[in-house]
Each structure stands twice: as C-alpha cells, then as structure tokens.
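Chemist: One structure is given below, represented as structure tokens, and several questions about it will come after.
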Amino acid sequence: YTTFGEGLKWPKNQLTYRIVNYTPDLSQAEVDSVLGKALQVWARVTPLKFTRISSGDADIMISFGAGSHGDYYPFDGPGGTLAHAFAPSAGIGGDAHFDEDELFTSSSTKGYLLFLVAAHEFGHSLGLSHSSDPGALMYPTYSYRDPNTFVLPRDDVNGIQSLYGPNTDVNPDKPAPPPPVTPDACDPSLVLDAVSTLRGEKIFFKNSFFWRISGSGQAEQHLIKSFWTDAPDNIDAAYENTAQDKLYLIKDQKVWALFGYDLVQGYPKSLSSLGLPTKVKKISAALYDKNTRKTLFFTDNYYYSYDESRKVMDKGYPKLVEQGFPGVTGKITAAFQYNGLTYLYSGNRVFEYSPTSKKVTRVLSNSYLLPC
Amino acid sequence: VHSGPISRQADNDDALIQSYLKKFYNLTEQTGPHSKGRTNHMSEKIAEMQKFFGLTVTGTVDQETLQVMKKPRCGVPEVAQ
C-alpha cells in the first residue's frame, strides 16, 4: 500500500459525507445504499465513523459528472478513467467524483460495480494512494469482485490502519472474516491450487489469483476475475485441451470451459459431464496429454484416464498414481504437461516425470517453474 | 532479407501511451522534437509504470503493457506532480 505522505489524513475520526447528485444508472435508494456500504468497508476496520448530511459542506462531497466537471482533471468518456478522489484536506480534499459517462451497476458484471469503484475512491478520500498488490482494493485498475462476499484485503487494512489504527469496538462474539492475503510466489511453503498451460504459456492458480509467465520469464500476478469474470476462485484443478484450444477449470463438482477470455456456451457443467463416474465428488488435479489425447483426473493418490478420441473412460481405473507414475509419491495437488514432460505437484514438491523413459527425472521445488 | 515488418504502435496507441504516462506517471513535455532526453524520459516513465504493475521492465511498450494501459482504472495518478 502507499499513502499520500506528509501525514495527509483526517485529524478526526468523525467524518461527514454528502451525496451532491445522482447517476441515472441506478435508483437514488440504490446509490444511497451502495455508497453507505462502500464507506462501511473502511469504518469496519478503523475508528472512523461516517455521518451523512444533505446540505452544506461535508468532508467527503460525492458527485457524478462527465468530461470537465469543475476541477482541473476532466474525465475521458466511456472506459479509461472511471472516477477519482482527493486526499484529505479542506475544500476539495476528500471529495470523490464519478465519471457519468460510465455505466455503474449495483450487482451485474455488465458495467462497473459502483460499490467497488466507490470503496476504492473513498480509500483515497481517507489518505491511501495506490497499491501495487494486484489483490488490493487500492490497485489502480478495476477488477470485478462479488460485492456480497467482498472482504477488504489485508494490504488495504494494513494501509488504512497505518493512518487511523484498528477498530477498537469490534464484537468479540462476531469476529470479522480474516482479510484475504495475496499469495506470494516467493513463499517456499506455497501449495498451488492448479497449474496449466494456456496457448503456449504456463499459468499457476492460487485462491483468487493466477500467475502467468511473461515472455521474459517474469511471473505476473492477476486476479482470476480480471481475466475471466465468470470463472471461480479457489479452484481444484485446471487443464488445457490443446486439441480444442480450451482451458477447463474445475471446482468441486462443476467444470468451466474457457475459450480465450470467454466462457464457453452451456458452461459451467457437472463433473460427470467430463465422463467421470458420479461417485467422484472432487478432484485434486487434471492434465491433458496431447500425445495420447487422454485427460487424466487425479483424486489425491488415485487417477482416472479419459480417452478424448473415443469419448469414454479408459477401463481399469482408478489406478494408484504410483502405479501409473513409478516414483511419484503423495497426494497430487496440481498437474500439467509441458514440452513432453509431465509435472505432478504434491504440495510444494514437483515431480518431473518422463512418459518416454517412464520414470521421475527430477524432483523440483515450486520456484523452478514459478519464478519468485 | 529482413525479419518482417517492425511492429509499430498504431497512432492512436501512441496518443494513448503519451496521455496515460502524462496523467498517471507525470510524464512532462521535453524540449526539442525528438531529443535524446525526451526518449529517455519516456522510457523511464514506461519502466516506472511496468515496475508498478509487476510487468517485465523493458522501458518500451509491449503488448502486455499496452493491455494494462487500456484497462479501466482510477484517475488518481501513481506519481503525482
């Protein structure tokens, strides 16, 4: 996180806000409710209290405007800049302006969730600048998140509490949900949820995030929903069927098929739609073998084989992983095939297995494939 | 034999890049139409933006960097005047 420096914060904990005008995108009642909730995101973790006034000068004046709208920072029409806000100070300080040329929504993934945009802008109104943590609310670019399950990320909590301290009157019987922490590729104990190829790249999934390895070998971290709005977080497995040019994500008993950035029509489907027996309730990893054109589904120490050409489950499964991959031990948590080799993750160890010599060629650590 | 057309930023991408760096990374006008100083200053600002977003720092705008510049975002700059 970053702050605006020079102690740019409010010298008091009781702040006023005023909704100066409204957007036609939502009802006034919705705007009132959404903006109130967005302020509560910050009140919940600090001693700050917000009181709404309907006339006169409030600390935080909230307005909607398009193009030139009365300050030196004109908006730019649809897309691009969605809103801006000013650091704490008298006058325009603390005020938040929303670009009326944008479509603001209260729930759908179409347009921009006013709740998320407002909660971000109010972070500025209270003294936070932008964060380089891709999971932080104060990250500069917009990413859809479910407003019903939103919890202020740890980075933002650290930032705002560095200015105002923690909320001292929390109810010990109703502890707040723990702030989500952005996974760290340098964490030696990192256990990935899933790994896959994607059009020649390698992608690594953990919680709400995935890393992609850029051309120069650098790991770039992104929110899953910043690429695929409809995709789930905390997935169990992922595999790319290169023959179909589709990425499959699996979570519990559901399967999502993605083509590029788009969810394939008719998905999510059930796990059994992949040919797995209905008794299989959860899988821990999956990979598509482009040489044999078979998809392998792992359930901890066992695995199933699905023949993509004949569209049937191969007989004689499930097999013990050690039976099909001599030398590979432990529960399989992620798997993928790359450059003709099979990589089977068991916790933070990676077994590199050669299907030609039918043996484990190396046992690697996470950081060998996912650079720190 | 040349290795094919040198990929050029489309003109409107050039304008977008300039505007983005001015708005958010305090890119300032440098004297002289193509002075070396101007190019270095631009490259520094691109590198600064790439570093902030965890992209590969090259000082030149590649596809990934352009994609981030086109994403909807907040109007508050990372590097203020």
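Chains A and B supply the protein sequences, listed in that same order.
Everything in the first sequence is counted per this note's numbering, starting at 1 for the first residue and increasing by one.
Everything in the second sequence is counted per this note's numbering, starting at 1 for the first residue and increasing by one.
Ideal Cβ positions, reconstructed from N, Cα and C, are used throughout, including at glycine.
(1) Counting only the same chain and skipping the five closest in sequence on each side, list residues whose C-beta sits under 6 Å from that of B:Val-79.
(2) For A:Ser-216, return the contacting residues in chain B, with the cut-off set at a CB-CB distance below 7 Å.
(3) Using 7 Å as the threshold, is the C-beta distance between A:Ala-334 and A:Ala-185 below it?
(4) So, is the C-beta of B:Glu-78 closer than 7 Å to a C-beta in chain A?
(5) Identify whether A:Gln-337 lies in helix, strand or coil by the three-state DSSP scheme.
(6) Per DSSP, what kind of secondary structure is A:Lys-49 in: helix, strand or coil?
(7) At a CB-CB cut-off below 8 Å, which residues of chain A make contact with B:Val-68?
(8) Do we get a CB-CB distance below 7 Å when we pair A:His-222 with the residues of chain B?
(9) Could you have a look at B:Ile-46 and say whether DSSP puts it in helix, strand or coil?
(10) Compute the Euclidean distance between the alpha carbons of A:Pro-177 and A:Pro-166, then round it to the nearest angstrom.
(11) Less than 6 Å between C-beta atoms, sequence neighbours within five positions excluded: which residues of the same chain meet that for A:Pro-140?
(12) For a contact defined as C-beta to C-beta under 8 Å, what are the partners of B:Glu-29 on chain A?
(13) Would you call the region 91–107 of chain A and the region 52–66 of chain B in contact, with 3 or more CB pairs under 8 Å?
(14) List the residues of chain A whose Cβ lies closer than 8 Å to the Cβ of B:Glu-64, in chain order.
(15) If you compare alpha carbons, which of A:Lys-311, A:Ile-250, A:Gln-221 and A:Thr-361 is closest to A:Pro-326?
(16) At a cut of 8 Å, does the region 225–244 of chain A reach the region 158–172 of chain A through at least three beta carbon pairs?
(17) Residues of chain B with CB under 9 Å from A:Ser-132, in chain order?
(18) Under 7 Å Cβ to Cβ from A:Ser-272, same chain only, skipping five residues before and after it: list those, please.
(19) Just confirm the distance between the C-beta atoms of A:Thr-292 and A:Val-280, as a whole number of angstroms; I'd bet it's less than 8 Å.
(20) If contacts are defined as beta-carbon pairs under 8 Å, then A:Leu-287 and A:Thr-342 qualify, I think. What distance do you get, rounded to the angstrom?
Modeler: From the atom records:
(1) Tyr-25 and Asn-26
(2) Thr-56
(3) no
(4) yes
(5) strand
(6) strand
(7) Thr-141
(8) no
(9) helix
(10) 15 Å
(11) His-130
(12) In chain order: nothing, as chain A lies at least about 17 Å away.
(13) no
(14) Ser-214 and Glu-220
(15) A:Thr-361
(16) no
(17) Lys-51, Phe-52, Phe-53, Gly-54 and Glu-78
(18) Thr-278
(19) Contact doesn't hold; Cβ gap of about 21 Å is too wide.
(20) 7 Å
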